[in-house]
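Q: These protein sequence lines are chains A and B, in that order. Under my numbering, residues 1 to 112 are what the first sequence spells out, in order. Under my numbering, residues 1 to 115 are what the second sequence spells out, in order. Encoded as structure tokens, here's the structure I'll be asking about.
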Amino acid sequence: QKEVEQDPGPLSVPEGAIVSLNCTYSNSAFQYFMWYRQYSRKGPELLMYTYSSGNKEDGRFTAQVDKSSKYISLFIRDSQPSDSATYLCAMEENTGFQKLVFGTGTRLLVSP
Amino acid sequence: KAGVTQTPRYLIKTRGQQVTLSCSPISGHRSVSWYQQTPGQGLQFLFEYFSETQRNKGNFPGRFSGRQFSNSRSEMNVSTLELGDSALYLCASSLEPTGSGNTIYFGEGSWLTVV
């Protein structure tokens, strides 16, 4: 079983829809949670960063972390065709060493 | 402010050869890490460098190595290339390597194809 599980999709939605992307994890030591967006043949771009449990909002994006359920989510409101990309969740322990553990990524397609 | 710069962007090598990839972190960032991305395994951590020292290493064979220079620039090397080494190699930088949630920024990656 992988430490981080993420539905690979693809997830297809019409423009303007609310998108929900999720990851589950098994390592209770994870303290830092991130969402990256990756366009085809590009490097991952940091979207959201959250420490421990709670919500964080940035424009059309909202990240939620529920450590008791080992479950994180990214919500995208008013989705746009330009949001079409692969979304990767990533997590990190507070060990003093950098080592992100990634989900496999969910491919999102937003149609006009 | 320039982002993380990786060179070369694309390269093709033959089995058995070796390859060196280069990474220049964001100005002021002192920690550099490397990740391998493949369709089957996704993004996997290779190693992390800070102050010219490897601080952490992922589960990869010894053919994968790296180093960091005094100006924080980093290189990674893969020797005796195998077909399975074909992947996108991503460099990431952060201000500090504490592993305590420092924001990590990725470069565009180096696409390696082994034939």
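Positions of the beta carbon are idealized from the N, C-alpha and C atoms, including for glycine.
Since L100(A) and F50(B) should fall inside the 8 angstroms C-beta cutoff, what is the C-beta to C-beta distance between them, to a whole number of angstroms?
A: To locate residue 100(A), count along the first sequence from 1; it is residue 100. To locate residue 50(B), count along the second sequence from 1; it is residue 50. That belief does not hold up - the Cβ atoms of L100(A) and F50(B) are roughly 15 angstroms apart, past 8 angstroms.
Q: For a quick check, are the C-beta atoms of T113(B) and I12(B) less than 8 angstroms apart?
A: Counting from one through the second sequence, the residue named residue 113(B) turns up at place 113. Counting from one through the second sequence, the residue named residue 12(B) turns up at place 12. Yes, these two residues count as a Cβ contact at 8 angstroms.
Q: The segment 59 to 86 of chain A: which residues have C-beta closer than 8 angstroms to a C-beta of chain B, in chain order?
A: Listed in sequence order: no entries.
Q: With distances taken from CA atoms, which of N102(B), S72(B) and E96(B) is nearest S22(B)?
A: Taking the second sequence and counting its residues from 1, the one referred to as residue 22(B) is at position 22. Here the closest residue by C-alpha is S72(B).
Q: For the segment 66 to 96 of chain B, enumerate the residues whose C-beta is nearer than 7 angstroms to any C-beta of chain A, in chain order.
A: Correct list: L90 and S94.
Q: Rounding to the nearest angstrom, what Cα-Cα distance links N59(B) and S33(B) in this structure?
A: Taking the first residue of the second sequence as position 1, residue 59(B) is located at position 59. Taking the first residue of the second sequence as position 1, residue 33(B) is located at position 33. N59(B) and S33(B): Cα-Cα distance of roughly 14 angstroms.
Q: Cβ atoms of T5(B) and S24(B): under 8 angstroms apart, would you say?
A: As a working mapping, residue 24(B) is identified with position 24 in the second sequence. As a working mapping, residue 5(B) is identified with position 5 in the second sequence. Going by C-beta atoms, S24(B) is nearer than 8 angstroms to T5(B).
Q: Could you give the DSSP three-state label for G62(B): helix, strand or coil?
A: The count along the second sequence starts at 1 and reaches residue 62(B) at position 62. Note: G62(B) maps to coil in three-state DSSP.
Q: Measuring only the C-alpha atoms, how far is S27(B) from E108(B)?
A: Here residue 27(B) refers to the residue found at position 27 of the second sequence. Here residue 108(B) refers to the residue found at position 108 of the second sequence. Computed Cα separation, rounded: 16 angstroms.
Q: Shortest alpha-carbon distance to G114(A) belongs to which of P8(A), K2(A) and S84(A)?
A: As displayed, chain A neither begins before 1 nor continues past 112, which places residue 114(A) out of reach and without an answer.
Q: Counting contacts by CB-CB distance shorter than 8 angstroms, is Y48(B) in contact with chain A?
A: The count along the second sequence starts at 1 and reaches residue 48(B) at position 48. Rather than Tyr, the amino acid found at residue 48(B) in this sequence is Glu. Answer yes: the Cβ-Cβ gap between E48(B) and chain A drops below 8 angstroms somewhere.
Q: Exposed or buried, which one is S113(A) when buried takes at least 16 other CB atoms within 10 Å?
A: As shown, chain A starts at 1 and ends at 112. That puts residue 113(A) outside it, with no answer to give.
Q: Under three-state DSSP, which class holds S72(B)?
A: Counted from its first residue, the second sequence places residue 72(B) at position 72. Reduced to three states, the DSSP call for S72(B) is coil.
Q: I'd like to know if the segment 51 to 59 of chain A and the segment 35 to 42 of chain A are in contact, where contact means that at least 3 CB-CB pairs between them fall below 8 angstroms.
A: No, they do not touch.
Q: Let me make sure I understand the geometry here. Which of E5(A), V4(A), G9(A) and E3(A) has the alpha-carbon closest to that of L108(A)?
A: Within the first sequence, numbered from 1, the residue matching residue 108(A) stands at position 108. Comparing Cα-Cα distances from L108(A) to each of E5(A), V4(A), G9(A) and E3(A), the minimum goes to G9(A).
Q: Can you tell me whether V19(A) is buried or exposed, with buried defined as 16 or more other CB within 10 angstroms of its CB?
A: Within the first sequence, numbered from 1, the residue matching residue 19(A) stands at position 19. By the neighbour-count rule (16 or more Cβ atoms within 10 Å), V19(A) is buried.
Q: Should A2(B) be labelled buried (16 or more other beta-carbon atoms within 10 Å of its own) or exposed?
A: Position 2 of the second sequence, counted from the start, is the residue given in the question as residue 2(B). The residue in question, A2(B), is exposed, as its Cβ has fewer than 16 Cβ neighbours within 10 Å.
Q: Taking the continuous beta strand (DSSP E) assigned at T20(B), which residues delimit it?
A: Working through the second sequence from its first residue, we reach residue 20(B) at position 20. V19 to S24 is the extent of the beta strand (DSSP E) around T20(B).
Q: According to DSSP, what are the bridge partners of I12(B)?
A: The sequence position of residue 12(B) within the second sequence is 12, counting from 1. Bridge partners of I12(B): T113(B).
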